[in-house]
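One structure below.
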Amino acid sequence: MKTLNECKPSQTVIVKKITGTGAVKRRIMDMGITKGVELHIRKVAPLGDPIELNVRGYELTVRKQDAQMIEVE
Amino acid sequence: MEIKIALAGNPNSGKTTLFNQLTGSRQRVGNWPGVTVEKKEGTLKGENQCTIQDLPGIYSLSPYSLEEVVSRNYLVNEKPDAILNIVDGTNIERNLYLTTQLLELGIPTVVCVNMMDLVKRNGDQIDIDKLSEKLDCPVVSISALKGQGTKEAALKAIKTAQAHQVPRMDKVYAKNVEAALEQIEAILSSSVDNGMLRWYSIKVFERDERIHEILKLKENEKKEIETIIQKVENEMDDDSESIITSQRYDHIGQIVQYAVKKKSEKHALSVSDKIDKIVTNRILALPIFIAIMYVVYTIAMGSTSISIGTMGTDWANDVLFGEIVPNFFDGILTSLHVNDVLYGLIMDGILGGVGAVLGFVPQILVLFILLSVMEDIGYMSRVAFIMDRIFRRFGLSGKSFIPMLVATGCGVPGIMASRTIEQDRDRKMTIMTTGFIPCGAKMPIIGLFAGAVFGGSSLVATSAFVIGIAAVILSGIMLKKFKAFAGEPAPFVMELPSYHLPSLGNVVRATWERGWSFIKRAGSIILLSSIVLWFLQGFGFTDGQFGMVADNNTSLLANIGNALAWIFAPLGWIGDMAWKATVATFTGLIAKEEVVNTFGVLYNFAEVSEEGNEIWTLIARDFTPIAAYSFMIFNLLCAPCFAAMGAIKREMNNPKWTLAAIGYMCVFAYVSSLIVYQLGGLILGEVTFSIWTIVALALLAGILYLLFRPGYKPKTEAIDIQKISIAK
Chain S
1118 MKTLNECKPS QTVIVKKITG TGAVKRRIMD MGITKGVELH IRKVAPLGDP
1168 IELNVRGYEL TVRKQDAQMI EVE
Chain W
128 MEIKIALAGN PNSGKTTLFN QLTGSRQRVG NWPGVTVEKK EGTLKGENQC
178 TIQDLPGIYS LSPYSLEEVV SRNYLVNEKP DAILNIVDGT NIERNLYLTT
228 QLLELGIPTV VCVNMMDLVK RNGDQIDIDK LSEKLDCPVV SISALKGQGT
278 KEAALKAIKT AQAHQVPRMD KVYAKNVEAA LEQIEAILSS SVDNGMLRWY
328 SIKVFERDER IHEILKLKEN EKKEIETIIQ KVENEMDDDS ESIITSQRYD
378 HIGQIVQYAV KKKSEKHALS VSDKIDKIVT NRILALPIFI AIMYVVYTIA
428 MGSTSISIGT MGTDWANDVL FGEIVPNFFD GILTSLHVND VLYGLIMDGI
478 LGGVGAVLGF VPQILVLFIL LSVMEDIGYM SRVAFIMDRI FRRFGLSGKS
528 FIPMLVATGC GVPGIMASRT IEQDRDRKMT IMTTGFIPCG AKMPIIGLFA
578 GAVFGGSSLV ATSAFVIGIA AVILSGIMLK KFKAFAGEPA PFVMELPSYH
628 LPSLGNVVRA TWERGWSFIK RAGSIILLSS IVLWFLQGFG FTDGQFGMVA
678 DNNTSLLANI GNALAWIFAP LGWIGDMAWK ATVATFTGLI AKEEVVNTFG
728 VLYNFAEVSE EGNEIWTLIA RDFTPIAAYS FMIFNLLCAP CFAAMGAIKR
778 EMNNPKWTLA AIGYMCVFAY VSSLIVYQLG GLILGEVTFS IWTIVALALL
828 AGILYLLFRP GYKPKTEAID IQKISIAK
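Structure representation (structure tokens):
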């Protein structure tokens, strides 16, 4: 299973599962990254981290480390 | 009847603009009890009986962030008569997520969809009536920026409150979840007010710890509930909190499909995205960022023909506080024939001290205006996006960069800017380290020694910045290993809001709020300390008689300086200059540029230029290069001026943390200067080997240990929010 941090810019993926627990997981899900949602990877920051996503019609940035918790397809 | 309306919405939804629209100048700003989250309240224009309570900008009512906890405590405990929920129409899916949570609270709610003009321009359509039907509450469309429909929205909220029209949000979740919620409702029905039953049962289903603390259920009830939750969790192969979140979004998806028509295809580039293609481009982002910062600083602090800030400050220092104000008071005081002591107190003590600080106001206001514009158009979150990688390495986040940037102008607004950092731990660390950055007022100190001792080398000024930044980095690495700061940096899940034109009102208001708190401090703490120092500097014992002294070297301040000079002997402040350096350090606490003035006074010059050219030869005689450097480092890093300490106190909102921050800065400054003087001096042959060399080596070893030790590792995600008690 691939995680979000392994994806390349301009890829579009579907969220399969969000691992992890507690505050970080809840925060990621509160921002709209839930099972079945489509993510479009917009770009990587100039220094290689974090990444910028388009989710539910808006732009969101997550660190690669947090992106590891998001399994995609 | 008095009506209380709570204004709730996501960050960047236009909530601040709406609040300013509705209340105008009739606002009261304070803090929520016990925390540093800002609390704003206002009276609705034209309706004296209606109070509007601005809640913090939040994405959810989860129990994990301070802002969210503050908001939900207010909504649950204070029970406002109505909620006015502002929703960004261009980003409706995520915005409705908070809405669905608000609708469960059993409070009359009006949803206002903002930025409808932009929605239409994008070619999208939002059907207000269909939205209202699905959400079971009144929905209105507004444009907060243009002031369209805002008053109507507030009046609608009043009407809804008077009719006590409570929304009913049922059948949101899957059948088995709804069934489980019903079972939990049955258990809770005896202990919870009927209107709140659904909200409490959802929270209990989510295993929200804060709710369990309030409800105090019996053991058998808890067990029963746990069985209900586990059954659903097993069926759906997920934890209960995630089930609720996912299904809430699924429900919103259905609503949006029913009520919103989107013309644009998915992931299409909006104007904002096109700007971002350049502004946060892999190659161009950093050069653009540096160019923008260069322009901002040139305008606010530079010395070119477009440097409005510097021109204003020069005028304030040379003309306003140099001629107009002193001449005015001189005229009055002379005509009143007041005695010399009172004359000196007012002219030198009060006007001199307060004027020195107020002179900075033009530069600071220009800087604030530019930074507020950057914030309002949405560039600041891009800065955090670009810089996060660097700052995370030493335990801070991309958002810490903004305070540090502002602090190169003035530490006070810099420390105040730390408010935007959500995570308590990151914020505290940013407050503690922001003062290390050399601010505008420290420049004259650097100029004095660069000119007097180092032949005007520009390397001295550069090294001052390097030292400041190194102090931030070293402190970040050392502090994050302590238990109080331990743990991974907070999740950096941040929205990059669409760029939009700045609102003049927001910029003016933000600038004024920040600028005013600076001016207020000049009127209070700086005024008081100026008087005390004037007294200590002007009075003393001559031939056993107490009175005003003509020679500063016999003043009380000189006595204090002499008595305390031994403290700084290990830093190389020895000989004739020891007490002068000690006194200058103390006066530097009023405002750092006072250090140079004090040297001027102590070397018997009535007035010196900004960088003290008049006393360069005298300084060069008394200070060896390494002692001069040690003095400079100490004054750059030690406790900041009173104004900045006041800002630390306000932002920490806790005496223990305030003392810890200021104490840490002093100790760090002392240790750094000692190591530089003793070891640097030994290498240069200016200092001989002594017991202090060993102390310096031991301290250096101590720092290295603190830098490289493994550090405290928390067992679980260290979020202390549950422990922060929020006063009712």
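Residue numbers (the working numbering), protein chains in the order written: chain S, 1118 to 1190; chain W, 128 to 855.
C-beta: ideal position from N, C-alpha, C; glycine also.
At which residue ranges does the stretch 444 to 520 of chain W contain complete alpha helix (DSSP H) runs of 4 or more residues, listed in the order of the chain? 452 to 463, 467 to 471, 479 to 485, 488 to 504 and 506 to 519
Mind checking residue 1129 of chain S: buried by the 16 CB within 10 Å criterion, or exposed? As a first step, residue 1129 of chain S must be located in the first sequence, where it is residue number 12. When all chains shown are included, residue 1129 of chain S counts as exposed.
Straight-line gap, residue 1181 of chain S to residue 1166 of chain S (C-alpha atoms, nearest Å): Sequence index remark: in the first sequence, residue 1181 of chain S carries index 64 (1-based). Sequence index remark: in the first sequence, residue 1166 of chain S carries index 49 (1-based). Whole-angstrom Cα-Cα distance: 6 Å.
Does residue 852 of chain W come out as helix, strand or coil in the three-state DSSP assignment? Here the question's residue 852 of chain W lines up with position 725 in the second sequence. Since pLDDT at residue 852 of chain W reaches only 40, below the 50 mark, its modelled position is unreliable, and no value is offered.
For the alpha helix (DSSP H) that residue 758 of chain W lies in, which residues bound it at each end? Stepping through the second sequence from its first residue, residue 758 of chain W is reached at position 631. Its alpha helix (DSSP H) spans residues 752 to 764.
With the cut-off set at 8 Å, would you say residue 539 of chain W and residue 609 of chain W are in Cβ contact? Indexing the second sequence from 1 puts residue 539 of chain W at position 412. Indexing the second sequence from 1 puts residue 609 of chain W at position 482. In this structure, residue 609 of chain W does not lie closer than 8 Å to residue 539 of chain W by Cβ.
For the alpha helix (DSSP H) that contains residue 794 of chain W, what are its first and last residues? Taking the first residue of the second sequence as 1, we reach residue 794 of chain W at position 667. Unbroken alpha helix (DSSP H) run through residue 794 of chain W: 782 to 802.
Going by C-alpha distance, which of W/530, W/552 and W/550 is nearest residue 563 of chain W? By one-based count along the second sequence, residue 563 of chain W stands at place 436. Among W/530, W/552 and W/550, the Cα nearest to that of residue 563 of chain W belongs to W/530.
Can you find the residues in the same chain that come closer than 7 Å, C-beta to C-beta, to residue 785 of chain W, ignoring five residues on each side of it along the sequence? On the second sequence, position 658 is the one that residue 785 of chain W refers to. Hits under 7 Å: 775, 776 and 779.
Where in the stretch 132 to 197 of chain W do unbroken runs of the alpha helix (DSSP H), each at least 4 residues long, occur, reported from the N-terminal end onward? 142 to 150
Alpha carbon of residue 1184 of chain S to alpha carbon of residue 1121 of chain S, nearest angstrom: Residue mapping note: residue 1184 of chain S aligns to position 67 of the first sequence, counting from 1. Residue mapping note: residue 1121 of chain S aligns to position 4 of the first sequence, counting from 1. Computed Cα separation, rounded: 5 Å.
Span separating the alpha-carbon of residue 535 of chain W from that of residue 635 of chain W: Translated into positions along the second sequence, residue 535 of chain W becomes position 408. Translated into positions along the second sequence, residue 635 of chain W becomes position 508. Roughly 22 Å separates the two Cα atoms.
C-alpha gap between residue 854 of chain W and residue 149 of chain W, whole angstroms: Walking along the second sequence from the start, residue 854 of chain W turns up at place 727. Walking along the second sequence from the start, residue 149 of chain W turns up at place 22. Here the model assigns residue 854 of chain W a pLDDT of 36, short of 50, so the residue's position is not dependable, and the following value carries that caveat. Near 28 Å, if we compare the C-alpha coordinates of residue 149 of chain W and residue 854 of chain W.
Considering only residues of the same chain and omitting the five flanking positions on each side of residue 489 of chain W, which have a CB-CB separation below 7 Å? If you number the second sequence from 1, residue 489 of chain W lands on position 362. Within the same chain, residue 489 of chain W has close Cβ partners 436, 439, 440 and 443.
Which residues in chain W sit within 7 Å of residue 1131 of chain S, going by Cβ to Cβ distance? Residue numbering aside, residue 1131 of chain S sits at position 14 when the first sequence is read from its first letter. What residue 1131 of chain S touches in chain W: nothing, since even the nearest Cβ is about 13 Å away.
Does the structure place the stretch 236 to 254 of chain W close enough to the stretch 183 to 193 of chain W that three or more beta carbon pairs sit under 8 Å? no
Ends of the alpha helix (DSSP H) at residue 351 of chain W? Taking the first residue of the second sequence as position 1, residue 351 of chain W is located at position 224. It spans 346 to 363 - the alpha helix (DSSP H) in which residue 351 of chain W sits, taken as one unbroken run.
Could you pull the DSSP bridge partners for residue 387 of chain W from this structure? Here residue 387 of chain W refers to the residue found at position 260 of the second sequence. Per DSSP, W/253.
In the DSSP assignment, find the unbroken alpha helix (DSSP H) run with residue 689 of chain W in it and report its ends. The residue labelled residue 689 of chain W in the question sits at position 562 within the second sequence. That run of the alpha helix (DSSP H) goes 683 to 691.
What would DSSP say about residue 1158 of chain S, mapped onto helix, strand or coil? If you number the first sequence from 1, residue 1158 of chain S lands on position 41. Strand at residue 1158 of chain S.
From W/783, W/156 and W/348, pick the residue whose C-alpha is nearest to that of residue 179 of chain W; which is it? The residue labelled residue 179 of chain W in the question sits at position 52 within the second sequence. Checked all of W/783, W/156 and W/348; the closest Cα to residue 179 of chain W is W/156.
What residues match up with residue 332 of chain W in a beta bridge as DSSP calls it? Walking along the second sequence from the start, residue 332 of chain W turns up at place 205. Partner(s): none; residue 332 of chain W has no beta bridge.
Can you check which of these residues, S/1178, S/1145 and S/1149, is closest to residue 1186 of chain S by C-alpha distance? Residue mapping note: residue 1186 of chain S aligns to position 69 of the first sequence, counting from 1. The candidate whose alpha carbon is nearest that of residue 1186 of chain S is S/1145.
Mind checking the stretch 1170 to 1188 of chain S against chain W and listing, in chain order, the residues whose C-beta falls within less than 9 Å of any C-beta there? 1171, 1172, 1173, 1174, 1175, 1176, 1177, 1178, 1179, 1180, 1182 and 1183
Would you identify the three-state DSSP class for residue 1175 of chain S, choosing helix, strand or coil? Mapped onto the first sequence, residue 1175 of chain S falls at position 58. Strand, per DSSP.
Report the option in W/771, W/322 and W/357 whose CA atom is closest to the CA atom of residue 568 of chain W. Position 441 of the second sequence, counting from 1, holds the residue named residue 568 of chain W. Among W/771, W/322 and W/357, the Cα nearest to that of residue 568 of chain W belongs to W/771.
Please determine if the stretch 584 to 594 of chain W and the stretch 496 to 505 of chain W are in contact, where contact requires at least 3 C-beta pairs separated by less than 8 Å. no
Does residue 846 of chain W pass the burial test, meaning 16 or more other C-beta atoms within 10 Å, or should it be called exposed? In the second sequence, the residue the question calls residue 846 of chain W occupies position 719. Residue placement at residue 846 of chain W is poorly supported in this model, since its pLDDT is 40, which falls under 50; the coordinates still yield a value, given next. Answer is buried; the Cβ neighbour count reaches 16.
Can you tell me whether residue 740 of chain W is helix, strand or coil according to DSSP? One-based indexing of the second sequence puts residue 740 of chain W at position 613. Note: residue 740 of chain W maps to helix in three-state DSSP.
Between the alpha carbons of residue 581 of chain W and residue 821 of chain W, how many angstroms are there, rounded? Position 454 of the second sequence, counted from the start, is the residue given in the question as residue 581 of chain W. Position 694 of the second sequence, counted from the start, is the residue given in the question as residue 821 of chain W. Rounded to the nearest angstrom, the two C-alpha atoms are 28 Å apart.
Put residue 1164 of chain S into one of helix, strand or coil per three-state DSSP. Position 47 of the first sequence, counting from 1, holds the residue named residue 1164 of chain S. Three-state DSSP puts residue 1164 of chain S in coil, outside helix and strand.
With a threshold of 8 Å, are at least 3 pairs of Cβ atoms found where one atom belongs to the stretch 199 to 206 of chain W and the other to the stretch 1149 to 1157 of chain S? no
8 Å CB neighbourhood of residue 207 of chain W in its chain, flanking five on each side removed: Counting from 1 along the second sequence, the entry for residue 207 of chain W is found at position 80. Closer than 8 Å at the Cβ level, and outside the excluded window around residue 207 of chain W, lie 131, 132, 133, 180, 201 and 234.
Beta carbons nearer than 9 Å to chain S: which residues of the stretch 514 to 541 of chain W have them? 514, 515, 516, 517, 519 and 525
For residue 595 of chain W and residue 585 of chain W, what's the separation of their Cα atoms in angstroms? As a first step, residue 595 of chain W must be located in the second sequence, where it is residue number 468. As a first step, residue 585 of chain W must be located in the second sequence, where it is residue number 458. Computed Cα separation, rounded: 16 Å.
Short CB-CB distance (under 8 Å) between residue 1148 of chain S and chain W: Within the first sequence, residue 1148 of chain S is the residue found at index 31, counting from 1. Yes, residue 1148 of chain S counts as interfacial toward chain W.
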